[in-house]
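Input: a single structure, listed below in structure tokens.
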Amino acid sequence: MKRFTIRAMATPEYYGWWSKRVNDNIPRPREEYIRSIEEHLQSSNRTLKKGVRSWEKR
0 MKRFTIRAMA
10 TPEYYGWWSK
20 RVNDNIPRPR
30 EEYIRSIEEH
40 LQSSNRTLKK
50 GVRSWEKR
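In this text, residue positions in the sequence shown follow numbering that gives the first Met the number 0: the first is 0, and each later residue adds one.
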């Protein structure tokens with residue numbers, strides 16, 4: 000990202016404000032939607048087992 004500076008705007012306060020503003024726009028994952036690796040692997044394993052069982056029935 001290019002920075003556009005005009006005279007007094009290139010102060011340390013401006014750069015601090017700019018970096019905070021840019022970082023505030025980065026989406027972060029919400030804790031309520033985060034699953035542990037173990038939970039993810041368990042659900043993936045269950046799904047895989049269901050698929051194998053249905054394939055074996057054919």
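The beta-carbon is built from N, C-alpha and C at its ideal position, and this holds for glycine as well.
Taking the Cβ atom as the reference point for each residue, do residue i and residue j lie within a distance shorter than 9 Å?
{"i": "Ser42", "j": "Arg29", "result": "no"}
Between the C-alpha atoms of residue i and residue j, what's the straight-line distance to the nearest angstrom?
{"i": "Gly50", "j": "Arg27", "result": "33 Å"}
{"i": "Trp16", "j": "Ile36", "result": "36 Å"}
{"i": "Trp54", "j": "Leu47", "result": "11 Å"}
Measuring from the CB of residue i, is there a heavy atom of the ligand GDP at a distance below 8 Å?
{"i": "Glu55", "result": "What this structure holds is no ligand at all, so the ligand GDP is not there to describe."}
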